[in-house]
Amino acid sequence: MSAPAPSPLAIVDAEPLPRQEEVLTDAALAFVAELHRRFTPRRDELLARRAERRAEIARTSTLDFLPETAAIRADDSWKVAPAPAALNDRRVEITGPTDRKMTINALNSGARVWLADFEDASAPTWENVVLGQLNLIDAYTRNIDFTDERTGKSYALRPNEELATVVMRPRGWHLDERHLADTDGRAVPGALVDFGLYFFHNAQRLLDLGKGPYFYLPKTESHLEARLWNEVFVFAQDHVGIPQGTIRATVLIETITAAYEMEEILYELRDHAAGLNAGRWDYLFSIVKNFRDGGAKFVLPDRNAVTMTAPFMRAYTELLVRTCHKRGAHAIGGMAAFIPSRKDAEVNKVAFEKVRADKDREANDGFDGSWVAHPDLVPIAMESFDKVLGDKPNQKDRLREDVHVEAADLIAIDSLDAKPTYAGLVNAVQVGIRYIEAWLRGLGAVAIFNLMEDAATAEISRSQIWQWINAGVEFENGDRATPELARKVAAEELDAIRKEIGEEAFAAGHWQEAHDLLLKVSLDEDYADFLTLPAYEQLRG
Numbered sequence: 023m024s025a026p027a028p029s030p031l032a033i034v035d036a037e038p039l040p041r042q043e044e045v046l047t048d049a050a051l052a053f054v055a056e057l058h059r060r061f062t063p064r065r066d067e068l069l070a071r072r073a074e075r076r077a078e079i080a081r082t083s084t085l086d087f088l089p090e091t092a093a094i095r096a097d098d099s100w101k102v103a104p105a106p107a108a109l110n111d112r113r114v115e116i117t118g119p120t121d122r123k124m125t126i127n128a129l130n131s132g133a134r135v136w137l138a139d140f141e142d143a144s145a146p147t148w149e150n151v152v153l154g155q156l157n158l159i160d161a162y163t164r165n166i167d168f169t170d171e172r173t174g175k176s177y178a179l180r181p182n183e184e185l186a187t188v189v190m191r192p193r194g195w196h197l198d199e200r201h202l203a204d205t206d207g208r209a210v211p212g213a214l215v216d217f218g219l220y221f222f223h224n225a226q227r228l229l230d231l232g233k234g235p236y237f238y239l240p241k242t243e244s245h246l247e248a249r250l251w252n253e254v255f256v257f258a259q260d261h262v263g264i265p266q267g268t269i270r271a272t273v274l275i276e277t278i279t280a281a282y283e284m285e286e287i288l289y290e291l292r293d294h295a296a297g298l299n300a301g302r303w304d305y306l307f308s309i310v311k312n313f314r315d316g317g318a319k320f321v322l323p324d325r326n327a328v329t330m331t332a333p334f335m336r337a338y339t340e341l342l343v344r345t346c347h348k349r350g351a352h353a354i355g356g357m358a359a360f361i362p363s364r365k366d367a368e369v370n371k372v373a374f375e376k377v378r379a380d381k382d383r384e385a386n387d388g389f390d391g392s393w394v395a396h397p398d399l400v401p402i403a404m405e406s407f408d409k410v411l412g413d414k415p416n417q418k419d420r421l422r423e424d425v426h427v428e429a430a431d432l433i434a435i436d437s438l439d440a441k442p443t444y445a446g447l448v449n450a451v452q453v454g455i456r457y458i459e460a461w462l463r464g465l466g467a468v469a470i471f472n473l474m475e476d477a478a479t480a481e482i483s484r485s486q487i488w489q490w491i492n493a494g495v496e497f498e499n500g501d502r503a504t505p506e507l508a509r510k511v512a513a514e515e516l517d518a519i520r521k522e523i524g525e526e527a528f529a530a531g532h533w534q535e536a537h538d539l540l541l542k543v544s545l546d547e548d549y550a551d552f553l554t555l556p557a558y559e560q561l562r563g
């Protein structure tokens, strides 16, 4: 006997939005409600398992490849499903939120793929959640244009064949959507809201366009979490009547625990897997979070000193390429976050050379593509991959059998010579306050000091402050990392911002709130699993 039809979800404490009825239809909400009924209990179990695993790491200060899945790693016979045509060439991917202007610019950017982001580049206001979905529907129906009120400039889509392929990123498993609740008043996981609304409205439409519903899966910590996503995909495809395997998912390997389960994650998703991606800032944040009790050998230096050439980062990225290509999946490289200056050509010249070197390294290491945050970087990254790929869509035939990574290599943090600096502390405070203030205004992707920052940046900033204080780090100027020093630096930064932007703009923003929240998550003895959890409680809208 089939399960009873779910009761409609209630929209809670949300002002009506223009055209929301086109997204929040009865049928779409019934689909999200059914996802919630079927899969949220397992989601809850997996979140509890994260806490158990973190406690085990605190006890042992180590990680290893899983003995219980050794047979999957040893079996050379399995591969992921072949890539669909629209995802076979991914040499440059642009990332960004789903506001109307970004939607048009990203699709027009010349990148092969646009990561349409409902996660770290988007603050989850109800407006961003719902209107972001509407913007994607409008893009697929070519019912989208935009005129900038400030400049008068108009934006419109290029012909379909020139547009980037969309890979949508829903929120991670840990975040709930407070504006959608079931009959018991229980909030629906944001991941199921984002996935469910997008898939329900667009799956068939995308197939008609010669593409499909493609997803990036963030913050995955184990193959069991990938298995849950696979179960969601199987149900969803049956529900709307499209063939199994139509959905394709690329998993971000941006947690240290997932780095030890790359093959198992691909195995769980093998009929739906499109590849793995190396997500740098969240990966460093995850190392700090999991090994924060591990002593001096796990203390990271300034975030900008941890380049992708650091031995433990090389181990991670080379293992990712080898794993993907062994299993027939795409390996996608990390973010080039530089935002070109319209005023300083010299700054651009230096930064472009760094971007070019980074993308050359990834292409030569065997990656099949990479990320950029700004359209001006698309040609630079494209040139790096064109040199290596030529007319080939990817280099999955490069198996990288020369790569041998031991479990200890992935957490050899003390192989770095760099140490934390006082300037690094100041930068972490500056970026943390400025990013959180923008997030509280509903902005998830923010240009700060010529870099495009998102929630992962704020996470590594506050995590490093926390780690350095708890490790009693002494900086090169003789200062010791203490709560008092962090408060002093934060007060100085708040005063500097007030002088920089003026009293009126300062008063209109969320600067004091951002300052207080950064200090809370940086100084509390109980380390918050995610900065966005307490921040969401303060997010209006």
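The sequence shown finishes on residue 563 if you use the working numbering, and the numbering steps up by one all the way, no holes.
Glycine included, each C-beta is placed from N, C-alpha and C at the ideal position.
Small disclaimer: the values here were computed from a predicted structure and weren't measured.
Beta-carbon contacts of residue i that lie in its chain and below 6 Å, excluding the five residues immediately before and after
i              : result
glycine 531    : Glu459
threonine 339  : Ala300
threonine 345  : Met284 and Glu285
isoleucine 565 : What the structure shows of the chain is the stretch from 23 to 563, and residue 565 is not part of that stretch, so it cannot be assessed.
methionine 404 : Val114
aspartate 121  : none
glutamine 226  : none
Inter-residue spacing [alpha-carbon to alpha-carbon] between residue i and residue j
i                 : j                 : result
arginine 9        : alanine 477       : Absent from the structure is residue 9, since the part of the chain shown begins at 23 and ends at 563.
serine 483        : asparagine 299    : 22 Å
leucine 246       : glycine 118       : 28 Å
glutamate 184     : leucine 158       : 16 Å
valine 495        : proline 442       : 8 Å
proline 333       : asparagine 370    : 28 Å
glutamine 489     : glutamate 481     : 12 Å
alanine 536       : arginine 456      : 8 Å
tyrosine 282      : glutamate 243     : 10 Å
tyrosine 140      : phenylalanine 237 : It is phenylalanine, not tyrosine, that sits at residue 140 in the sequence shown. Cα-Cα distance, rounded: 11 Å.
serine 83         : alanine 493       : 15 Å
leucine 129       : glycine 232       : 16 Å
phenylalanine 528 : serine 363        : 24 Å
aspartate 304     : threonine 479     : 8 Å
arginine 562      : leucine 539       : 15 Å
alanine 503       : leucine 197       : 31 Å
arginine 180      : glycine 218       : 28 Å
glutamate 199     : glycine 500       : 45 Å
aspartate 518     : glutamate 498     : The displayed chain sequence assigns alanine, not aspartate, to residue 518. The alpha-carbon atoms of alanine 518 and glutamate 498 are separated by roughly 24 Å.
Simplified DSSP assignment, three categories, for residue i
i                 : result
serine 144        : coil
alanine 467       : coil
serine 131        : coil
methionine 330    : coil
threonine 125     : helix
leucine 462       : helix
aspartate 167     : strand
isoleucine 33     : strand
valine 451        : helix
asparagine 224    : helix
glycine 297       : strand
serine 485        : helix
aspartate 230     : helix
proline 119       : strand
isoleucine 275    : strand
glycine 391       : strand
aspartate 551     : coil
phenylalanine 313 : coil
Limits of the unbroken alpha helix (DSSP H) element including residue i
i                 : result
glycine 333       : Residue identity check: residue 333 is proline in the sequence provided, not glycine. 333-348 is the span of the alpha helix (DSSP H), which, as asked, contains proline 333.
alanine 55        : 48-82
phenylalanine 603 : In this structure the chain extends from 23 to 563, so residue 603 is not present and cannot be described.
leucine 411       : 400-411
phenylalanine 565 : This structure does not reach residue 565, given that the chain is present from 23 up to 563, and the question cannot be answered.
Boundaries of the beta strand (DSSP E) in which residue i is found, first to last residue
i              : result
threonine 187  : 187-191
arginine 198   : A small correction: the amino acid at residue 198 is aspartate; arginine does not occupy that position in the sequence shown. Note, aspartate 198: beta strand (DSSP E), 198-203.
isoleucine 354 : 352-358
alanine 209    : 209-211
serine 437     : Note, serine 437: premise wrong, no beta strand (DSSP E); not H, not E.
Cβ shell of residue i (< 7 Å), same chain only, five flanking positions each side left out
i                 : result
leucine 342       : Ile275, Met284, Leu298, Ala300 and Ala353
phenylalanine 389 : Val343, Ala353, Ile354 and Gly355
leucine 250       : Phe61, Arg64, Arg65 and Leu68
leucine 31        : Leu51, Val54, Ala55, Leu202, Ala203, Asp204 and Val210
aspartate 293     : Ala103, Gln266 and Gly267
Close Cβ partners of residue i (< 8 Å) along its chain, the five nearest in sequence each way excluded
i             : result
isoleucine 33 : Leu46, His201 and Leu202
glutamate 423 : Arg344
leucine 432   : Leu85, Ile278, Ala281, Tyr282, Phe334, Ala337, Tyr338 and Leu341
methionine 23 : Residue placement at methionine 23 is flagged as unreliable, the pLDDT there being 40, under the threshold of 50; the coordinate-derived value follows with that caveat. If we look at methionine 23 and ignore the five residues flanking it on each side, it has no Cβ neighbours.
Residue(s) in a DSSP beta bridge with residue i
i                : result
phenylalanine 87 : In DSSP, phenylalanine 87 forms no bridge with anything.
glutamate 559    : Partner(s): none; glutamate 559 has no beta bridge.
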